[in-house]
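Beneath this line is the structure, given in structure tokens, with notes to follow.
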Amino acid sequence: EEKMLAEAYDNFIKLFPDSPETPSVLAAAGALYYNKRKYDLARKYYKTMVTKFPKSQQKSVGLVSLMNSYFFLGQYRDSEIVAKKILNTPNIPEDQITVAKSRIGESIFKNGERLEQEGNHIEAAKEYRRVYEEASEYVNFVDGALFRSARNFEQAGEWNRAIETYEILVSDFQDSKHVMDAFVNIASDYKELEDFQNVAKTNERIFERFAGTPEAENALYNASIFYEKAEAWQEAIRANNLYIRTYPTNPESKDLLFENAKYYLKLDDLASANQIYEEFTSRYPNDPQTVEAFYNRGAYYYERASYDSAKVEFNKAIQRSDNFARAGRDPNLFFAAEANYKLGQIQYQEYRDIRLGYPQTVLRQQLEQKQQKLNEVEKSFTQVISLGSVRSFEAMYRIAEAYEEFANAIANQDMPPNLTREERLVQENQVFNASVPAYDRAVEEYKNVLINLPVLAEKLDVSMDTTKAAEPEPAPAPSDSTIALQKEVVQDSSSEVALKWFGRAKDKISLIQYNVAERSSEFVDEYLRVDNPETGLRALVFKDQVLRSLVAKQVNTTIEAHIKNLKVSEELGLENKYVEESKRKILLSRNVLADEYEKLMYDAVAEYKRSVPVLEDLVEQGEGAVEAGGMDYYDYQDSHIMQLIFNMNQYAKIALNQYKLTLQLAVDNNINNDARLTTEQRMFNFGYDAGLLLADLSKLPAQKSELYLDKFDSTRNENYQLGSTFFDDQNFELNEYAHAVYAFSYDISKEFSIENIWTQLTLAQLVQIEPATYLEDLPKKEVAVVSDSSWVGTTRYSSGWNQKAFAAGGWDQVVEVPVPNTLRFGGFDSLQVAPPAIWVRRVVLDAASSGGVNPLEMNDLTLTDSLSENTDDLGADSLLASLEAGAEPDTLEAFFRKQFNLSSKPIDGWIAIAGDKSYRLYINDVYITGKESGPFEQVEKISFATFADFIREGDNVIAVSLKDFDGPPRYGLRMHLDLKLLPGEISETIESIRSKMDQDRVDPQILKKSTILNKNRIVE
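According to our numbering, the sequence shown is numbered sequentially starting from 1103.
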């Protein structure tokens, strides 16, 4: 009946859309669905009525019903809009206006609730806040909306906006049930902001607003705690006194009175503090806090560097604790340990103040004094450990630190004045060597911390398992539930303290060893700055001697120290910035010698260029002439110039060998970082540049030799003939050394399996010098032959179709076939290739191509067994019938060919092939492989050894027959042939390498700077 009524309404509306009765019918239809709670349908009728008939008598009812429909459909914004429209519409009945006002607040609140459930806390908070801003006169739940607004601001971490919203609540809605919770949350939000003074003030407001309640007592107690955290000592004293007056019988009053004394000490009011301590001691003579009282006074003196007075108070604290322990009372071991710790700190400061210096007689006395003080410091901190407080973990660390201080004192001792630079360098080196054993002892002490600290933690039931760290609890969802105000409790931080000192000890082990190594490297820099008193060839020899006798030894010492850091770190499982930096410094330190010998090599070249004109002058002057050093042209040639050329070669090889040692260090110590990559680049860049420089330099004496030979021919002056011989010898040696440097550099690259632009350029030079030896090493040319539209194919069988000499002029170019995404070719994917699928351009239907006769009766050079007959179920008669009818049979065979040329001999490669469904593959007349059946996605990979004997330099032919059994769609053939060829024309290969140089080359200046850029990457 209702269904018929609804249909009747719809029919009327369709037939009479503009009738005066239509608004009434729309209202009735809307009411029909509204009463059945089909609000979506009701909304359509009401919306049509109020928009199309805005002046109808039913408009007010329609608007209210439309508003409610939106509301019940969860379209709260639309409901709010309609409600506001009702308020602005004239002649709306008062009861409907009341409903609309209420619905505005409800819609805003419900929309906030929806946003909150979606996790959009910022927008939810704003929406709840709008209830207060836009609907506070309409609804009676504004306080609840404000509370939820603030809670959502908290969820979003907007602490200040949350506080602002809570403040509106506690100010404008003082009788709300949410006021207490709002105050508690205001304090909590200030705590998140670490504004501890406002936390304390908020707690005082709770105390004042809710006087006489348990929450008031807790709040005042918390105010005291947070004034202390804010270091607002006067306010803390005031709050404590208020608590003591208000709750004199509470046990906390005694503690807060005691705390006041500590705050007076912070205010430097010793008299007031002592008055409280005396009053406290007279009232509670056996209270454990009296131990703390002595400690606090000692701490007061300690902070003001009045160490003698501090010692008296600390000893009183220790004595009072011992007396309580003997009497069976609580000895307050925590503050007894703190007093012992402070005594140790005082002794430690006195220990640090003992400096070491000259002369030797005084130095020995200072060492004895410092050693004695070290023993006292160790004893004090050991006493702290024995008391088993949380301070024990730091005390362990401080003992090791004291041993480190002993080593620092040795290393940084005062030197005698007026020492020459050389004398100071020698003495500093002696001092450094003396400090190394002391640093080793400090490292051992830090190792003891790593061993003993976990044992102590276990005894004290302190967890050091970082994996069990409590995960932060998720913030509670906003709610209206009452929040209990509890006294603030100090969290146990024992685990954090233990882990802190354990972690610092680990870092110290690496840091000390790293610093020792770095101190050693400073001597390398000092030796490199030694003044060179010589010139010319002698200057080169002097620098070489400094490098061999001083720098090399110190470089080795530095490297050994860094390697020691790595080994100890590996032994202890340490990973930190000092370990990583030691890895860099091992390589950079070794490269110092390489860099210096590079410079020597270039200096030798420069000296050679300066020496050539001198030799020319001697040749021109003839026998008996001598240069400034007293050498004639024989001596100058043999003892000076040829020695320079010899040195060039030696320095270049030493530099390369030093780089090689760097790479070996990287391999031996498993170092893979930027310094290693830079070393590889710099080494082979230098190897190439040095060889090229020597080769280019050889052109100078070659030209001179020809010049003097021409002069001899024209003048018959034997001096010129001798000069030609001199320069010819130089040319020969320089060319030989260029070859030797190239070869030495390249051999290292092969030994370490390193290939970059510089090794390839070096190889290119060697191939030109000695092709028989190095040709095989040139980069192999890579060739790929893939199934694509360049192939030809047909479905018509021809005898000998697979042979190289076959003329396939009548065959068509194949087409590439799209392969469905659902097919997965794992074999191609693993090889990272994706050859197109190909099929014949057109199907030529005849008995042969469709399987009526055996299409494989051909000259197959590798198959001697007879091929099986066609097994297609179609007989010849039925097949011909199908052909006459023009239909493509299910079984169809296609033939494919690809001709290609190889510029040189192939030496490696592979084939990957897939066919739909069976296939046979031939290369140059020879059967290679085949598949009788199987899925198209099945990829066969064929190794080079299988077809190596049949593929050759020059023209080649690939032939494939493929038989598809199951009709269209036909995906045909996918194939990828990958080959590596021997280098062809040498000049082409070299040019190919050089063409890459612009894109791959690293600026030598950048390479040089990269080793010193951020050389020390340890940032404290």
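C-beta: ideal position from N, C-alpha, C; glycine also. On a predicted model such as this, the values are computed, not experimentally measured, just so you know.
Note down the Cα distance separating serine 1816 from serine 1807, rounded to an integer number of angstroms. 14 Å
Quick one: Cα of proline 1433 to Cα of serine 1595, how far? 22 Å
Pairwise C-alpha distance: threonine 1267 and alanine 1284: 9 Å
Express the C-alpha separation of glutamate 2034 and tyrosine 2021 in angstroms, rounding to a whole number. 7 Å
Segment limits, beta strand (DSSP E) that includes methionine 2077: 2075-2083
Please classify glycine 1605 as buried or exposed, where buried requires at least 16 other C-beta atoms within 10 Å of its C-beta. exposed
In angstroms, rounded to a whole number, what distance separates the CA positions of phenylalanine 1226 and arginine 1399? Here residue 1226 turns out to be alanine, not phenylalanine, going by the sequence shown. Cα to Cα, alanine 1226 sits roughly 54 Å from arginine 1399.
Which residues bound the beta strand (DSSP E) around proline 2008? 2008-2017
Sequence ranges, alpha helix (DSSP H) only - wholly within the stretch 1337-1386, length at least 4: 1353-1368 and 1372-1385
Cβ of serine 1671 within 9 Å of Cβ of valine 1657? no
Cutting at 7 Å between CB atoms, please list the residues of its own chain near asparagine 1833, excluding the five before and the five after it. Ser1800, Pro1803, Ala1804 and Ser1807
Cα-Cα separation between arginine 1692 and asparagine 1535, rounded to whole angstroms: 20 Å
Under the DSSP definition of a beta bridge, which residues are partnered with serine 2134? With the chain covering only 1103 through 2122, there is no way to say anything about residue 2134.
Compute the Euclidean distance between the alpha carbons of tryptophan 2012 and lysine 2082, then round it to the nearest angstrom. 9 Å
Would you please state the rounded distance, in angstroms, between the beta carbons of threonine 1864 and glycine 1789? I believe it to be under 8 Å. 6 Å
Looking only at C-alpha atoms, which of Leu2064, Asn2026, Leu2079 and Ala1619 sits nearest to aspartate 2057? Asn2026
Residues that glycine 1102 bridges to, as DSSP identifies them: Because the chain in this structure spans residues 1103 to 2122, residue 1102 falls outside the shown range and cannot be described.
Residues near glutamine 1745 by beta carbon distance below 7 Å, same chain, minus five either side: Leu1639
Nearest-angstrom Cα separation, counted from leucine 1702 out to leucine 1720: 27 Å
CA nearest to the CA of asparagine 1759, picked from Arg1500, Glu1530, Ile1773 and Ser1847: Ser1847
How many Å lie between asparagine 1634 and glutamine 1647 at the Cα? 11 Å
Count the other C-beta atoms from every protein chain shown that fall within 10 angstroms of the C-beta of tyrosine 1460, then say buried if there are 16 or more, exposed otherwise. exposed
Considering only residues of the same chain and omitting the five flanking positions on each side of aspartate 1245, which have a CB-CB separation below 7 Å? Leu1271, Phe1275, Ser1278 and His1280
Could you compute how far the alpha carbon of glutamine 1905 sits from the alpha carbon of aspartate 2066? 22 Å
Span separating the alpha-carbon of isoleucine 2009 from that of proline 2071: 38 Å
Candidates Ile2015, Leu2064, Phe2049 and Thr2048: closest to glutamine 2040 by CA position: Ile2015
With DSSP as the reference, identify every bridge partner of glutamine 2001, one or two as the case may be. Val2059
DSSP on aspartate 1975, reduced to helix/strand/coil? In this prediction, aspartate 1975 has a pLDDT of 36, which is less than 50 and means its spatial position is unreliable; nothing more can be read from the coordinates.
DSSP three-state call for arginine 1640: helix, strand or coil? helix
From Arg1898, Arg2054, Ala1909 and Val1921, pick the residue whose C-alpha is nearest to that of glutamate 1995; which is it? Arg1898
Cβ shell of glutamate 1820 (< 7 Å), same chain only, five flanking positions each side left out: none
Name the DSSP bridge partner or partners of tyrosine 2024? Tyr2029 and Ala2061
Mapping DSSP to helix, strand and coil, what is lysine 1883? strand
Does DSSP put isoleucine 1487 in a helix, in a strand, or in coil? helix
Take the Cβ of glycine 1675 as the centre, count every other Cβ of all protein chains shown within 10 Å, and call the residue buried at 16 or more, exposed below. exposed
In or out: glycine 1977 buried (at least 16 other Cβ within 10 Å) or exposed? Confidence at glycine 1977 is low in this model, with a pLDDT of 33, below 50, so its placement is unreliable and the value that follows should be read with caution. So glycine 1977 counts as exposed.
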